[in-house]
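Since the structure comes first, as structure tokens, the remarks are kept for the end.
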Ligand SMILES: Cc1cc2nc3c(=O)[nH]c(=O)nc-3n(C[C@H](O)[C@H](O)[C@H](O)COP(=O)(O)OP(=O)(O)OC[C@H]3O[C@@H](n4cnc5c(N)ncnc54)[C@H](O)[C@@H]3O)c2cc1C
């Protein structure tokens, strides 16, 4: 079975809420520009919403050559059925070569529906995307310029490269924070096509009666300084030291899954493969062994300081500054020194 498109264009689903574009969509536009450059094709931002035309310019400034904007009051807030209908219809009509989504709650809900309706493959939670060739061992056929969908597999112990040679569009969701966003280029020009979709009752079976939102208490992804505690932090009091150091440095509190599982800190603080991907100027890992799943979320930090009692802890392989010692002794010394310096 094949379902291959003639287009070479790279589409990005632009996620927006109340007129604010999700960071991950801007990150994906930068990646899409790189992929389209290799394919010698165009980047298209697909945006659903109601009266959000002002956002099209931002999408173009961040890398799109073209914006497809579906405008309808029923698209004002995300709902699976109307969004899936619009996206699937456009994909089937225009047959992009590649379609990527952020691996957000919305992307994870929408992308599988579109993939299933389009009979295309989908790789979830990619950490990288490249263009490359593949030769089938079975029939020796070579497929050029495929989307290489790269992600950790088998518990993060291997990095798998997944391809969809035959069923297009080649679709992937990509984790937030793993691609680098580009500075907007305000001189970039692009076209905007407005689409006015129609819906029937079955598309609107679900109604939103009210909506309550809560601001996240932390912003790990954008914090320049993160102090994380792990399984080596064995009590609430010791975790207070991690919080205090973060506070003195003006940073955020992060954690490994061991600390989250121990109930020392909430899940939104988790850094790693199943947590947030961060790239701060300074990352302090206290009592964290450096398991591959944790490293996947922080190994691109500009400077890493690790505090660990075990001189052979794997975290030291990537740390720029290595402190072998007990965090309950080392952290208070760091806090004292920083406070002294601030006087
Ligand atoms: C599919 C999958 C996804 C995962 N996703 C994530 C993820 O997103 N993020 C994540 O973090 N993990 C994740 N994990 C779990 C990961 O494999 C590790 O189990 C976890 O990272 C271990 O956390 P840790 O290093 O803090 O704890 P531990 O493995 O318990 O290590 C504790 C470290 O602290 C040191 N130590 C002990 N006492 C002290 C002390 N007093 N002072 C200083 N050092 C001390 C020890 O020497 C040790 O190195 C995932 C696992 C799987 C299978």
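In the numbering used here, the protein residues as written are 26 to 368.
All C-beta atoms in this analysis are idealised placements derived from N, C-alpha and C, irrespective of residue type, glycine included.
Keep in mind the model is a prediction, meaning the values are calculated, not measured.
Distance check between residue 344 and each of 311, 264, 265 places 311 closest, using alpha-carbon atoms only. Per the Cβ contact rule, the segment 90-100 is not in contact with the segment 149-157 (fewer than 3 Cβ pairs under 8 Å). Taken from the Cβ of residue 296, at least one heavy atom of ligand 1 lies inside 7 Å. One alpha carbon belongs to residue 217, the other to residue 81, and they sit about 7 Å apart. The DSSP-derived three-state label of residue 215 is coil. Within its own chain, the residues whose Cβ lies closer than 6 Å to the Cβ of residue 138, once the five positions on either side in sequence are excluded, are 109, listed in chain order.
The way I'd put it, the segment 346-364 doesn't touch the segment 289-308; fewer than three beta-carbon pairs between them come closer than 8 Å. Residue 262 sits away from residue 271, with the two beta carbons spaced by 8 Å or more. Those residues placing their Cβ nearer than 5 Å to any heavy atom of ligand 1 are, following chain order, 180, 255, 256, 257, 281, 282, 283, 297, 298, 299, 300, 312, 313, 314, 316, 318, 319, 333, 334, 335, 338, 351, 352. For residue 213, the closest C-alpha among the options 35, 68, 362 is that of 68. For the pair residue 159 and residue 147, the CB atoms are not nearer than the 8 Å cut-off.
Here residue 295 is not near residue 55, since their CB atoms are 8 Å or more apart. Residue pairing by DSSP puts residue 195 in a beta bridge opposite 123. Between residue 253 and residue 280 the beta-carbon gap is near 5 Å, inside 8 Å, which marks them as a contact. Counting C-beta atoms within 10 angstroms of its own C-beta, residue 61 has 16 or more neighbours from the protein chains shown and is therefore classed as buried. Under the three-state reduction of DSSP output, residue 277 falls in the strand class.
A buried status is given to residue 333, since no fewer than 16 other beta-carbon atoms sit within 10 Å of its beta-carbon. Burial state of residue 57 is buried, judged by a 10 Å Cβ sphere holding 16 or more other Cβ atoms. Contact between residue 283 and residue 256 is confirmed by a C-beta separation of about 3 Å, below the 8 Å threshold. Straight-line spacing of the CA atoms in residue 86 and residue 77 works out to 16 Å. Spanning the alpha carbons of residue 106 and residue 136 requires a straight line of approximately 12 Å. The beta-carbon separation of residue 305 and residue 251, rounded to 5 Å, stays under the 8 Å limit for a contact. Annotation: residue 308 to residue 59 spans about 29 Å, alpha carbon to alpha carbon. Where residue 137 is concerned, the enclosing alpha helix (DSSP H) starts and stops at 130-143. With contacts defined by Cβ atoms closer than 8 Å, residue 32 and residue 177 do not form a contacting pair. If you check the CB distance, residue 84 and residue 194 do not come in under 8 Å. Put simply, of 145, 103, 123 the residue whose alpha carbon is nearest the alpha carbon of residue 134 is 103. Beyond the five residues adjoining it in sequence on each side, residue 210 comes within less than 7 Å, by CB distance, of 86 in the same chain, given in chain order. Residue 202 places its beta carbon less than 8 Å from that of residue 246. With a beta-carbon spacing of about 4 Å, residue 128 and residue 198 fall inside the 8 Å limit used to define contacts. Residue 230 sits in coil when the DSSP states are folded into three classes, being neither helix nor strand.
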